[in-house]
Amino acid sequence: ISDQKPLGCWSVKHGQILTCPVVCNFETHEYIAVHDDKVLRIWKDEDINLDKAFKATLSADVYRIHSLPQGGPVVLFRGGGVRTLDVLLEAPQQEIENIISGEAIRWSGAFMEGQQPVLIFTTEKDGDFFVYIQKPKLSSLHRYKLEQQESAKPLCFTAHITNQTVTLLCLYSNDSVYQVLVPLQQDTEEEEEEEKEEILSKSLLLNLSVSGAVLKGTSLVVLDKDHVAVLGSLAAPGKKPTECLTIWNTKFQTLQTSKELPLGTSGQLWCYEEKFFLIHGKVLTVILYKCETSSLAAAVGKLKNSQTPDVSLFLNWNTLEDEELVVSFQSQESLALKAESRMNLRSRRSTVAGEQPAPLSVGQLLINYKNASAYVFENELKKVMARAPSPDLQATIGSVVTALTDRCKGNPKYYPTNFLQQIVENHELSYSLCPDLMAVALEKKDMPLLQMCLERFPDIPEEVTYTCLKAFLSISEAQLQSLDVNVDSVICYIDVELDDKDVKTEIVENGFSSEMDQDMCDTKIPEEMGFTRSRGESCPVGLQKAALLNAVLHSAYTETFLLPHLKNLPAQQAILFLRYLYYLYVKCSEKVNTTLPGIRSPTINQIMDWMCLLLDAQFTVMVMLPEAKELLSNLHKFVRAQVRFYSELNKIEGSLRELQRLNHLRESQTYSIEVLEII
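Using our numbering, you'd call the opening residue of the sequence shown number 6 and step up by one each time.
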């Protein structure tokens, strides 16, 4: 997610439709999908064509596939039948029983109880809701009817299993969460259970209202036995409703924290391995969280502090705009101490006084020093980084960089260029940890810092890469002379000075000479094309700009996302960039191993990929511009000459291999003269 790069992409044929979410089989590391309701597909990462992947046509429509880490995939059919994937693949056309009649499945979930997978799903028919609990490996099935609620109906469900009891949580349209407890029954009296339909009673767990504002929930997930997260729209009297993510303490009926989502959401919230996943605007947002044991002190402390949302005792939202939201919980002991000290509990006063105050969190420190002088502020940040534990070091440094960039945005005169460069150079960071850093560096025209970020960050968005490229091409050579740009990637091969004196010696590139190439091509190739050095072809950009452009060549990208941005590159900048790429291409071709010397020098593959990408994006413009005609012609001739040269090498490859074989067979002590005729 942090890299923002597609690792794999598969698609069904035109006319086919994926009809349920794709899941991963944790045991075999395979993907499982269903298209057109009945066609099962299974494939792995290395499979390219989905049409050639394993295919099985089933006898009934599939509603959902659930994958359990220890229990394997479980398939739920629209008729209510359940099969484990292993059993289903033994006979894909086996008959699937139709358990529900006229009912529509509204929600389903899979869990592990001991060694047995348990599948729970709810259905609706004529306004009535039913709950089914199945153990597919034991062929166990139980059906219950949910107690009706006047003037309200369930909007969504979630569940968890604890101590042989299913806890079903239901979010209702009356802005309340209800709880239903269902014991996992044994099947000793199965027939009797089938004859009567048990009605499940529910109890009110939570009212989604606080200080007169009501949360219109759309999605609900369980965090632990005492906390739930609700995604919805918070409507306060006289104010416009705003979508937000909220965390509630069900044990003490309190709102622990909330986060506004101004760009809007899809109404869906997922939770997996202590991470929230939700769509915020057009971005998939990931929020890390960690729940500690619930206590009254924490709940009361949060309520007393509700007027200062920037400082939350229960939860510290460290927001990195829309790219990543990091949630960290402070230790529960410090929460209890702080809350009780505010409540002035006499019985605890002596205990609290005897204990050392808990160390402040990173978020609290940053808030405390945000108005300090630049010197004090930076010194405190250095101390924070120095004492950060290893597991949290990256996140801490990301928070420090974010604090610096926030201060830069608030104070245009403040910009600690040396401090920022030291952090990027000495620590392994990523764009997602500090997304504002490159934007601030672009605004300040800090080219050395941008160079470091491009060379070190693995997850820079293509739009930012393009913006850097445009900035590098537009800045003047005179401005770059005063900047401390790292030129290690170019100093070993670039032609800094242009020498107009004739050079008698000819450089043969990959077996080429000007005479040989003139025999291959119908037209005479100009000397300035690079095959000979009679005029000393020089680099079209200066030393510093070449180093900056090399940093762009090193950055990771996805062609699909970068191409639309390159189409907006001004024509003159596109020509200059292509001239530099062509210069690098010729330089690489001078070497037998096609490798440029230097540290972080671009590879031949990077040069070729960017050249092709730029030509794809700007080809129409290049063809129309007179100043680009000679460049395109030279590039075409150079590539054509190389293709023909390698074609000639391929023709004698067999003869060279035969010669190598004869050398191995020849006796070293005998003297002979052999004539090998290469046809």
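Beta carbons: idealized from backbone N, C-alpha and C, even for Gly. Just so we're clear, the structure is a prediction, and the values are computed from it rather than from any experiment.
Item	Value
Continuous beta strand (DSSP E) stretch holding Asn30: start and end	Leu23 to Asn30
Residues near Gly64 by beta carbon distance below 7 Å, same chain, minus five either side	The question names Gly, but residue 64 is Ser in the sequence shown. Cβ neighbours of Ser64 beyond the five flanking positions: Gln98, Gln99, Glu100 and Ile101.
contact_flag[the stretch 616 to 634, the stretch 598 to 608] where n(CB pairs < 8 Å) is 3 or more	no
Coarse secondary structure for Glu468, derived from DSSP in three states	helix
Strand pairing of Cys175, partner residues [DSSP]	Phe162 and Tyr183
Cβ-based neighbour list, Leu581, same chain, cut-off 8 Å, excluding 5 preceding and 5 following	Leu478, Pro545 and Val546
Reduced DSSP secondary structure (H/G/I, E/B, other) of Glu329	At Glu329, the pLDDT of 34 sits below 50, so the modelled position is not reliable and the matter cannot be decided from this model.
Opening and closing residue of the beta strand (DSSP E) in which Cys14 lies	No beta strand (DSSP E) holds Cys14; DSSP gives it neither H nor E.
Continuous beta strand (DSSP E) stretch holding Asn212: start and end	Ser208 to Asn212
Neighbour-count burial assignment, Gln139, 16 or more Cβ in a 10 Å radius	buried
Host alpha helix (DSSP H) of Tyr588 (start-end)	Ala576 to Glu595
Residue nearest to Glu448 in terms of C-alpha spacing, selected from Lys418, Ser437, Phe162 and Pro463	Lys418
Rounded straight-line distance, which links the Cα of Tyr498 to that of Leu553	15 Å
Own chain partners of Met443 with C-beta closer than 6 Å, once the 5 adjacent residues on each side are dropped	Cys458 and Val469
Euclidean distance between Cα positions of Pro188 and Val171	6 Å
Cutoff 6 Å; reference Phe462; Cβ partners in own chain excluding five residues on either side	Ser435 and Tyr436
Test item: CB-CB of Glu108 and Lys130 under 8 Å	yes
When Lys150, Leu274, His147 and Glu202 are compared against Thr163, the one with the closest alpha-carbon	Leu274
Check whether Ile465 and Ser560 have beta carbons under 8 Å apart	yes
Spatially closest choice to Leu283 from Lys295, Glu265 and Cys296, by CA coordinates	Glu265
Distance, Val39 Cα to Leu23 Cα	6 Å
Cβ-based neighbour list, Glu632, same chain, cut-off 7 Å, excluding 5 preceding and 5 following	Ile580
Contiguous beta strand (DSSP E) assignments of at least 3 residues, all confined to the stretch 217 to 251	218 to 229 and 232 to 240
Per-residue DSSP class, three states only, for Asp411	helix
Whole runs of the alpha helix (DSSP H) within the stretch 25 to 101, excluding any shorter than 4 residues	90 to 95
Contacts around Val219, its chain only, beta-carbon distance under 6 Å, and the 5 residues preceding and following it disregarded	Asp180 and Ala240
Coarse secondary structure for Pro188, derived from DSSP in three states	strand
Residue range of the unbroken beta strand (DSSP E) whose run includes Asp133	Asp133 to Lys140
First through last residue of the beta strand (DSSP E) which encompasses Glu203	Glu203 to Leu205
Thr251 burial status per 10 Å Cβ neighbour count (16 or more: buried)	buried
C-alpha gap between Gly84 and Asn103, whole angstroms	5 Å
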